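Asker: First, the structure itself, so that you have it in front of you.
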Amino acid sequence: MAYETIKFNIADSIATITLNRPERLNAAPPQMFDEIAEALDNLDGARALLITGEGRAFCSGADLQARGEGSALAGGGGPYGALTRHYNPTMLKLARLNVPVITAVNGPAAGVGCSLALASDFAIAGKSAYFLQAFVNIGLVPDGGASWMLTRLLGKARATQMMMLGEKISAEQAADWGLIYKCVDDAVLAEEAQALAARLAKGPTVALGIMRQNIAAALDGDYASALLREAEGQKIAGASADAREGGMSFLQKRKPEFKGN
């Protein structure tokens, strides 16, 4: 597929999606999320996914100047259709991936761009980045899963602060709050994110995918259900070639060489 709003490639078992509308601070029309979904369907050979933005922003949110479905001028029905047909299915597809996801937040992450940045397993942000739920400033409500994610990541008080006050949260504050994995100098962001993606891509991919799903399920489930999911996941991971390699490397006192299967 020829992508118009993103760049996509796979190299060294790392898939990279770069949001590619730098002239609009990577504002996301429905087409961008459709293209992200298409890329997520073509991850063969990838054992980790890295998402970042081109230029000086990660994503400034949905493109409110775009025409057609999702336009700010289309009334409530327009954004509803855009969310249910384009943005939300892509966010769900991302949540259900069986490879670890890293986001390198290289600038503003606002609105649905904030949701996308936080949908990863590891969000690494440059010091110039910030996170913003600005919906209240234009009479709208957070979307892209923000109400669900922020409440679980931050707790009620801080989630309410972000959503109802619509104030910027700096990368350093986000790291201090536990909203993201790490805040680093802008100059080393790409290097740090790539190194983490490479580390995860060399890991036991089957086990990492099960961990990802178990962590997500634990946010809503009870303790007994979590115990059962872990046992079922251990059965699947234990049958993998990587688990056999892990056991042999332990006995032989050497570093394991995981192949992702």
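Residue numbers in the sequence shown follow the working numbering, run continuously in steps of one, and reach 261 at the last position. From the three backbone atoms N, C-alpha and C, an ideal C-beta is built for every residue, glycine too. Quantities reported herein were computed from a predicted structural model and do not represent experimental measurements.
Have a look at the DSSP bridge pairing and note the partners of P108.
Answerer: DSSP output for P108 lists Y130 as bridge partner(s).
Asker: DSSP state of T205, grouped into three classes?
Answerer: Three-state DSSP puts T205 in a helix.
Asker: Among R254, V99, N98 and G126, which residue has its Cα nearest to the Cα of P108?
Answerer: Here the closest residue by C-alpha is G126.
Asker: Select from L132, G178 and E192 the residue whose C-alpha is nearest the C-alpha of I169.
Answerer: Answer by Cα proximity: L132.
Asker: According to DSSP, simplified to helix, strand and coil, what is L73?
Answerer: Here the model assigns L73 a pLDDT of 47, short of 50, so the residue's position is not dependable and the matter cannot be decided.
Asker: Between which two residues does the alpha helix (DSSP H) containing N88 stretch?
Answerer: Taken as a continuous stretch (DSSP letters only), the alpha helix (DSSP H) holding N88 covers N88 to A95.
Asker: What's the gap between the Cα of E257 and the Cα of G144?
Answerer: If I take the Cα positions, the gap works out to 37 angstroms.
Asker: Grouping DSSP H, G and I as helix and E and B as strand, with all else coil, what is G139?
Answerer: In this structure, G139 counts as coil in the three-state DSSP scheme.
Asker: Taking all protein chains shown into account, do 16 or more other C-beta atoms lie within 10 angstroms of the C-beta of A82, making it buried, or fewer, making it exposed?
Answerer: By the 10 Å Cβ count, A82 comes out buried.
Asker: Can the beta-carbon of A110 be found less than 7 angstroms from the beta-carbon of T52?
Answerer: The answer is no: Cβ separation not under 7 angstroms.
Asker: Grouping DSSP H, G and I as helix and E and B as strand, with all else coil, what is T16?
Answerer: Looking at T16 - three-state DSSP - the assignment turns out to be strand.
Asker: Using only the alpha-carbon positions, how far apart do K7 and K156 sit?
Answerer: So the two alpha carbons sit approximately 36 angstroms from each other.
Asker: Identify, in the order they occur along the chain, each residue of the same chain with its Cβ nearer than 6 angstroms to the Cβ of S120, setting aside the five sequence neighbours on each side.
Answerer: Excluding residues within five positions, the ones whose Cβ falls inside 6 angstroms are V101, I102 and T103.
Asker: Using only the alpha-carbon positions, how far apart do E245 and T5 sit?
Answerer: Roughly 41 angstroms separates the two Cα atoms.
Asker: Rounded to whole angstroms, what's the CA-CA distance from T151 to R85? Just pull it up for me.
Answerer: Distance between the alpha carbons of T151 and R85 is about 24 angstroms.
Asker: Look up F58 in the DSSP assignment and say whether it is helix, strand or coil.
Answerer: Looking at F58 - three-state DSSP - the assignment turns out to be coil, as it is neither helix nor strand.
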